[in-house]
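J.: Counted the way this note's numbering counts, the sequence shown spans residues 59 to 238.
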Amino acid sequence: MKKNFNVIGILCLMFGMVSCQGTAQKTAEVEENAEAQVEEAPVEEAAPVVDEFHTPEFITRTVSEWTQKAPFTASFAKTMEDVDDAALKKGSEIGWWDYDVWLESQDPDDNGSIADVEVLKVSGNEADVKLNVVQYGSKSPRRLKLTFDGDKWLVADFQNSEGKWITDLCKEAMEKISKW
Numbered sequence: 059m060k061k062n063f064n065v066i067g068i069l070c071l072m073f074g075m076v077s078c079q080g081t082a083q084k085t086a087e088v089e090e091n092a093e094a095q096v097e098e099a100p101v102e103e104a105a106p107v108v109d110e111f112h113t114p115e116f117i118t119r120t121v122s123e124w125t126q127k128a129p130f131t132a133s134f135a136k137t138m139e140d141v142d143d144a145a146l147k148k149g150s151e152i153g154w155w156d157y158d159v160w161l162e163s164q165d166p167d168d169n170g171s172i173a174d175v176e177v178l179k180v181s182g183n184e185a186d187v188k189l190n191v192v193q194y195g196s197k198s199p200r201r202l203k204l205t206f207d208g209d210k211w212l213v214a215d216f217q218n219s220e221g222k223w224i225t226d227l228c229k230e231a232m233e234k235i236s237k238w
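1) Curious, which full-length beta strand (DSSP E) runs of at least 3 residues does the region 146 to 191 contain?
2) Determine, using beta carbons only, whether residue 121 and residue 192 come nearer to each other than 8 Å.
3) Could you pull out every residue in the same chain whose Cβ sits closer than 7 Å to the Cβ of residue 137, ignoring the five residues on either side in sequence?
4) For a test of the three-state rule: what should DSSP assign to residue 81, helix, strand or coil?
5) In the DSSP assignment, find the unbroken beta strand (DSSP E) run with residue 203 in it and report its ends.
6) Determine whether the Cβ of residue 132 lies closer than 8 Å to any Cβ atom of chain B.
7) Are the CB atoms of residue 175 and residue 189 nearer to each other than 8 Å?
8) Based on the DSSP secondary-structure assignment, which residues constitute the bridge partners of residue 124?
9) For residue 207, tell me which candidate among 123, 129, 142 and 124 has the shortest Cα-Cα distance.
10) Going along the chain, which residues of its own chain have a beta-carbon closer than 8 Å to the beta-carbon of residue 166, five neighbours each way excluded?
11) Determine, using beta-carbon pairs with one atom in the region 176 to 184 and one in the region 197 to 205, whether at least three such pairs fall under 8 Å.
12) Is it buried or exposed, residue 168, if we count other Cβ atoms within 10 angstroms and call 16 or more buried?
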């Protein structure tokens, strides 16, 4: 009888080892599959936080309210003033600009307005916007580079109705003035 218990004990031990090996193998497979699933899971990037000032709707409302005067950044306004000052120093009686550069008019329409505002892109504190300036019932296209300055959007540069950027026109004007 003692032999039977030894044989039974050995058989139980063998079945137990085989069973444990299967469990260990299955555990390893489960862990491997779990790792594969984690690797295959798409990584979702957090959406950038956008405050109300940086939405196309806010920019459109803001720009639509401008009429006779668009707010320029200090550096952009200085660039245009520098051109006028240079022309005056060289003997011009009126400076370089003999018209309102924003409105492209010597006699602006008191009822002028902004129309057809389209925000093309907002990236951080910069925006690209298309619009029409309406003077005496006629539309004149503009494209703006806007900069957000603390609490408001300002024009950092714009294209006139001919598609020329004003900062480029200022550079050309300074070159011409230097040759006077």
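For every residue, glycine included, the Cβ atom is placed at its ideal position computed from N, Cα and C.
T.: With the given structure in hand:
1) 171 to 181
2) Stepping through the sequence shown from its first residue, residue 121 is reached at position 63. Stepping through the sequence shown from its first residue, residue 192 is reached at position 134. Not in contact: residue 121 and residue 192 (Cβ atoms no closer than 8 Å).
3) Position 79 of the sequence shown holds residue 137. Answer for residue 137: 225 and 228, listed in chain order.
4) Taking the sequence shown and counting its residues from 1, the one referred to as residue 81 is at position 23. For residue 81, the predicted structure reports a pLDDT of 49, less than 50, and the residue's modelled location is therefore unreliable. A value from the coordinates is still provided. Residue state, collapsed to three classes: helix.
5) The residue given as residue 203 occupies position 145 in the sequence shown. First-last of the beta strand (DSSP E) with residue 203: 196 to 206.
6) The chain labelled as chain B is not found in the depicted structure, where only one protein chain is given.
7) As a position in the sequence shown, residue 175 is number 117, starting the count at 1. As a position in the sequence shown, residue 189 is number 131, starting the count at 1. Closer than 8 Å, so yes.
8) Working through the sequence shown from its first residue, we reach residue 124 at position 66. Bridge partners of residue 124: none, in fact.
9) Within the sequence shown, numbered from 1, the residue matching residue 207 stands at position 149. Of the candidates 123, 129, 142 and 124, the one whose C-alpha sits nearest the C-alpha of residue 207 is 129.
10) Walking along the sequence shown from the start, residue 166 turns up at place 108. Contacts found: 126, 158 and 193.
11) yes
12) Stepping through the sequence shown from its first residue, residue 168 is reached at position 110. Burial call: exposed.
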